[in-house]
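S.K.: If you count the sequence shown from 1, position 190 lands on 190 in the UniProt record's numbering, and the numbers rise without skipping. Handing you this structure, nothing more for now.
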Amino acid sequence: MQVASIEGSRRVYTLSTAACRTRRYPLKRHPLAAAILATVLGCTAFAVYADDVPAPQNVPYSAGTLKIDVDATDLAHRVFRVHEVVPAAPGPLTLLYPQWIPGNHSPTGPIDKFAGLVVKANGQTLPWKRDEYNVYAFHVDVPQGANAVEVEFQYLSPQDTRQGRVVMTPEMLNLQWNTVSLYPAGYYARQIQADPSVKLPAGWQFGSALDVASQDGDTVHFKPINYDDLVDSPIYAGKYFKRVDLDPGASTPVHMDIVADDPKFLEITPEQLKIHRALIQQMYKLYGAHHYNHYDFLFSLSDKMSGNGLEHHRSSEDGTPTGYFTEWDKSWIMRDLLSHEFNHSWDGKYRRGADLATPSFNVPMGDSLLWVYEGQTQFWGQVMAARSGLWNGDQYHEMIAAVAASYDKGRPGLASWRNVQDTTNDPTIAQRRPLPYRNYQASEDYYSAGEMIWLDVDGKLRELTGNKKSIDDFGKAFFGVNPGAWDVDTYTFEDVVKTLNDIAPYDWASYLRKRLDGHGGLTGGLEAHGWKLVYNDKPSDAIKAAEAFRHTADLTYSLGVSVGKEGAISDVLWDGPAFNAGISPGMTIVAVDGRSYDPDALKSAVTAAKDSSQPIELLVKNFDEYKTVRIDYHGGLKYPHLERDTSKPDTLTQLIKAR
1 MQVASIEGSR
11 RVYTLSTAAC
21 RTRRYPLKRH
31 PLAAAILATV
41 LGCTAFAVYA
51 DDVPAPQNVP
61 YSAGTLKIDV
71 DATDLAHRVF
81 RVHEVVPAAP
91 GPLTLLYPQW
101 IPGNHSPTGP
111 IDKFAGLVVK
121 ANGQTLPWKR
131 DEYNVYAFHV
141 DVPQGANAVE
151 VEFQYLSPQD
161 TRQGRVVMTP
171 EMLNLQWNTV
181 SLYPAGYYAR
191 QIQADPSVKL
201 PAGWQFGSAL
211 DVASQDGDTV
221 HFKPINYDDL
231 VDSPIYAGKY
241 FKRVDLDPGA
251 STPVHMDIVA
261 DDPKFLEITP
271 EQLKIHRALI
281 QQMYKLYGAH
291 HYNHYDFLFS
301 LSDKMSGNGL
311 EHHRSSEDGT
321 PTGYFTEWDK
331 SWIMRDLLSH
341 EFNHSWDGKY
351 RRGADLATPS
361 FNVPMGDSLL
371 WVYEGQTQFW
381 GQVMAARSGL
391 WNGDQYHEMI
401 AAVAASYDKG
411 RPGLASWRNV
421 QDTTNDPTIA
431 QRRPLPYRNY
441 QASEDYYSAG
451 EMIWLDVDGK
461 LRELTGNKKS
471 IDDFGKAFFG
481 VNPGAWDVDT
491 YTFEDVVKTL
501 NDIAPYDWAS
511 YLRKRLDGHG
521 GLTGGLEAHG
531 WKLVYNDKPS
541 DAIKAAEAFR
551 HTADLTYSLG
561 VSVGKEGAIS
571 DVLWDGPAFN
581 AGISPGMTIV
591 AVDGRSYDPD
601 ALKSAVTAAK
611 DSSQPIELLV
621 KNFDEYKTVR
631 IDYHGGLKYP
641 HLERDTSKPD
651 TLTQLIKAR
C-alpha cells in the first residue's frame with residue numbers, strides 16, 4: 001500500500017491508496033483536499049487519515065491482547081454492557097469503533113448507539129476526546145507507569161425497528177462483536193489479538209463459530225482469536241435453543257444453531273432435516289473444497305427479533321419469522337436464505353474483491369465487484385435451493401421469472417440513466433434506507449441483476465463448449481481452491497475474465513462490461529437456456545407467496561403500482577400508468593371505483609377495465625388531502641411466468657438438477 005502525505009494548515013493528512021505515487025503535496029484546505037488529489041492522480045480507491053488517527057500498519061500489536069468482556073443479561077433495557085482492557089504504552093492512543101462493516105459493504109457501524117464511554121488507567125479516570133473529523137475515533141493519553149487502559153461503555157441496542165435491527169428480546173439475542181468493542185488504531189485488524197467473553201442470561205444456550213475455552217456459570221470464555229476473525233464470529237443465544245448436525249460424522253462439522261420465540265417452532269421433520277443436509281453436500285459437489293474448520297448456521301425463528309441475513313466465513317446470521325419449519329408450505333420463498341449465506345463462505349469471505357479486502361474496519365471499502373460477491377451468490381443461492389430440495393423445480397422457475405421481469409419491465413432506471421455497475425455504490429449511497437422510487441433509482445441491483453448476468457454467462461459457456469462446460473466449472477475453478485484455508489484470497493475483474501477464458505476462450509471482458517455498463521435488458525440468460533418470459537393474468541405461486549409475506553398487492557406490470565397494508569402505496573413504476581395519472585408512493589388508496597379499498601377490489605377493477613373504455617377510478621389520500629385519480633389503463637392484470645421455447649434445449653432444468 002502506497003501513501004501520499006498532504007500537508008494541511010492544521011494537521012497532516014495521509015492518502016492511502018493502491019494506485020497513487022508516493023509524494024508530498026502542500027495543501028491548506030480541509031481533508032476533502034485529499035479526495036481532490038486522488039482524482040488528479042487517477043486513484044481508484046483511497047482512504048484519508050489525519051496524523052492523529054494512525055493509518056493501519058501490517059505489524060503485530062505487540063502491546064498485548066485485548067480483553068473484551070460483554071454482559072448481555074440486561075434484557076429489560078436491551079443493553080449490552082462492555083468492559084475492555086486495552087494494553088498500551090504511555091503516550092497517545094486512538095481507539096476506533098468499527099465503521100465499515102463486512103457484509104454491509106458500507107459505513108454502517110452503529111456509532112449512534114454507542115454510549116457511556118469511560119476510560120481509566122491505574123485506577124484514575126482519563127479524559128478522552130472524539131476526533132474532530134472522524135466520529136468513530138477516540139483519543140486518549142496513556143499516563144506514564146500504565147501499561148493498559150480499561151474501557152467501559154454500553155451498546156444501546158434498538159428498542160424497535162425504527163431505530164435499527166432489533167437484536168435482543170426476552171427470548172434471544174444476537175451479539176455482533178463490532179457493536180461491543182473498540183480496538184487500537186494503527187494496526188491491521190488481523191494483527192490484533194483478542195480474548196473475548198460474554199455473560200448470558202441464566203440458562204441460555206448459544207451458537208457461534210468461536211471456540212470455547214471455558215465456562216463459568218453463565219459466563220463463556222472463548223479462545224483467543226485475532227480481532228478481524230472475532231468481528232466475523234457473532235453469537236446467537238436464546239432461552240429456547242436447538243443444535244442440529246447437518247453433516248453427521250464429517251471431519252469438518254456443520255451445525256444449525258436455532259433460537260426461537262417458543263420451543264414449538266424448533267420442531268423439524270425428518271424430511272426437512274434431510275433437505276438441509278442435502279444443501280451441504282450439493283455445495284461441496286459444486287466447489288470441491290470448503291474454507292472453514294467448522295461452520296454454524298446461526299438461525300433465529302422470531303417475530304420479535306428482526307430478520308437477518310449476514311455472511312461470515314465460518315458462520316452466518318440467518319433470521320426468518322417463526323414458521324420456517326412449522327409452516328413449511330407457506331414459508332418456501334424464504335428458503336434460499338440459508339443457501340445464499342452459506343455460499344458466501346466461498347464467494348465473499350474467502351474469495352473477495354480486492355477493493356473490499358480492507359486492513360481494518362475503519363478503512364473505506366470499494367464495492368466495484370459486488371456483482372460477483374452478491375450477484376453470483378444470489379444466483380447460486382437460488383440454484384442451490386433447487387438442487388438441494390429447498391425449492392422444487394416449479395418454485396425455482398417462478399422465482400427466476402419474477403427476477404427476470406424486473407430486468408425486462410420493472411427497472412426503468414436501468415434502461416435510462418443508471419447501469420448495474422453504478423448500483424455497486426448503493427451500500428454507501430443509500431445504506432438500505434427506504435427510497436422514494438425504488439424501481440427508478442435501481443438501488444443495489446447488483447444482487448438480482450448480477451444473478452441474471454451469471455445466468456447469461458452459464459448459457460454462453462454452454463454455447464461455446466457444446467454444453468460440455470458450464471458455470472459449475474467456473475465455480476470450482478474460481479472458488480473451490482485451497483481446501484481448508486480460511487484467510488482471504490482477493491481477486492480483480494481481470495481475474496474473473498481470465499478464469500472464464502481458461503474454461504472457454506472468448507472476449508469475456510467486453511461481454512461482461514456490456515452488461516454491467518450498458519442499459520439493455522438482462523433476460524438473455526433465459527432464452528439461452530430454452531425458456532422465455534411471458535405475462536398473463538394469473539399470479540404465480542411465487543407472486544402469491546410474496547404478496548402474503550409482504551402484505552402487498554403487486555400490480556407492477558399492469559397498473560404500475562405496489563400497494564401495502566390498508567392501501568398504503570409502497571412503489572409506483574416510473575412512467576407507468578399509475579405514475580402518469582398522478583399516483584406517487586406515500587399516498588393511500590381509500591376507495592376503488594367508489595367502493596372501500598381492498599386488494600381484491602383493486603385487482604377486480606383492473607380486470608373489469610380490460611373490457612371497458614372507462615378509466616379505473618381511485619380515491620387517494622395525500623397528506624390531509626383527498627382526491628380522485630382516474631387511470632386510463634385497459635391492459636388487464638399481468639404477472640410474469642416462464643414458457644418453454646422448444647426450438648432450444650432445456651438447459652435450465654440441467655442447471656438446477658441435483659448433482
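No residue lacks a Cβ here, since even glycine has one placed at the ideal position from N, Cα and C.
(1) Take Thr169 as the anchor and find which of Glu152, Ala72, Val231 and Asp232 has the nearest alpha-carbon.
(2) Following the continuous beta strand (DSSP E) through Asp650, name the residue where it begins and the one where it ends.
(3) Looking at Ser315 and Ser233, is the spacing between their C-beta atoms short of 9 Å?
(4) Alpha helix (DSSP H) containing Tyr287: first to last residue?
(5) Rounded to whole angstroms, what is the Cα-Cα separation between residue 661 and Val572?
(6) Any chance the stretch 367-386 sits against the stretch 435-454, with 3 or more Cβ pairs inside 8 Å?
(7) With DSSP collapsed to three states, give me the class of Val53.
(8) Is the stretch 624-640 in contact with the stretch 601-610, if contact means three or more CB pairs nearer than 8 Å?
(9) Beta strand (DSSP E) containing Leu93: first to last residue?
(10) From the DSSP output, in three-state form, read off Lys627 for me.
(11) Starting from the N-terminal side, write out each stretch of the alpha helix (DSSP H) that is 4 residues or longer and does not extend beyond the stretch 522-567.
(12) So what does Ile589 bridge to, in DSSP terms?
(13) On a CA-only basis, which of Gly480, Tyr284 and Val534 is nearest Glu398? Give me that one, please.
(14) Let me check understanding here. Comparing Cα to Cα, which of Pro359, Leu655 and Lys627 lies closest to Gln57?
(15) Express the C-alpha separation of Glu617 and Asp367 in angstroms, rounding to a whole number.
(16) When the Cβ atoms of the stretch 449-463 are set against those of the stretch 428-436, are three or more pairs found closer than 8 Å?
(17) Compute the Euclidean distance between the alpha carbons of His529 and Ala548, then round it to the nearest angstrom.
(18) What is the DSSP secondary structure of Arg659, counted as helix, strand or coil?
(19) Please state whether DSSP places Tyr373 in a helix, a strand or coil.
(20) Take Tyr295 as the anchor and find which of Arg277, His255, Asp456 and Leu266 has the nearest alpha-carbon.
(21) How long is the line joining the alpha carbons of Asp329 and Ala88, rounded to whole angstroms?
(22) Tell me whether Arg644 sits in a helix, a strand or coil according to DSSP, three-state version.
(23) Could you check what DSSP says for Trp204 in three-state terms: helix, strand or coil?
(24) Out of curiosity, what's the CA-to-CA distance linking Gln205 and Asp229?
(25) What residue ranges within the stretch 315-387 form continuous beta strand (DSSP E) runs of no fewer than 3 residues, ordered along the chain?
(26) On the criterion of 16 or more Cβ atoms from any shown chain inside 10 Å, does Tyr97 qualify as buried, or is it exposed?
(27) Please determine if the stretch 213-232 and the stretch 268-285 are in contact, where contact requires at least 3 C-beta pairs separated by less than 8 Å.
(28) Do the stretch 183-196 and the stretch 114-132 touch if we need at least three Cβ pairs shorter than 8 Å?
(29) Measuring alpha carbon to alpha carbon, tell me which of Glu527, Thr179, Val220 and Val363 ends up nearest Tyr231.
(30) Can you look up Ser604 in the DSSP assignment and give me helix, strand or coil?
(31) Return the chain-ordered ranges of every beta strand (DSSP E) run that is complete within the stretch 68-154 and spans a minimum of 3 residues.
(32) Measuring straight from C-alpha to C-alpha, what distance separates Tyr491 and Pro505?
(33) Under the three-state reduction of DSSP, which class applies to Val48: helix, strand or coil?
M.R.: Taking the definition as stated:
(1) Ala72
(2) Neither: Asp650 is in no beta strand (DSSP E) and is coded neither H nor E.
(3) yes
(4) Pro270 to Tyr287
(5) In the structure as shown, the chain begins at 1 and stops at 659. Residue 661 is therefore absent and cannot be evaluated.
(6) yes
(7) coil
(8) yes
(9) Gly91 to Leu96
(10) strand
(11) 524-528 and 541-550
(12) Val620
(13) Val534
(14) Pro359
(15) 45 Å
(16) no
(17) 30 Å
(18) coil
(19) helix
(20) His255
(21) 56 Å
(22) strand
(23) coil
(24) 22 Å
(25) 315-320 and 351-353
(26) buried
(27) no
(28) no
(29) The sequence shown places Val at residue 231, rather than the Tyr named in the question. The shortest Cα separation from Val231 among Glu527, Thr179, Val220 and Val363 belongs to Thr179.
(30) helix
(31) 79-87, 91-96, 114-121, 124-126, 128-130 and 137-142
(32) 19 Å
(33) Note that Val48 scores a pLDDT of 45, beneath 50, so its modelled location is shaky and nothing firm can be said.
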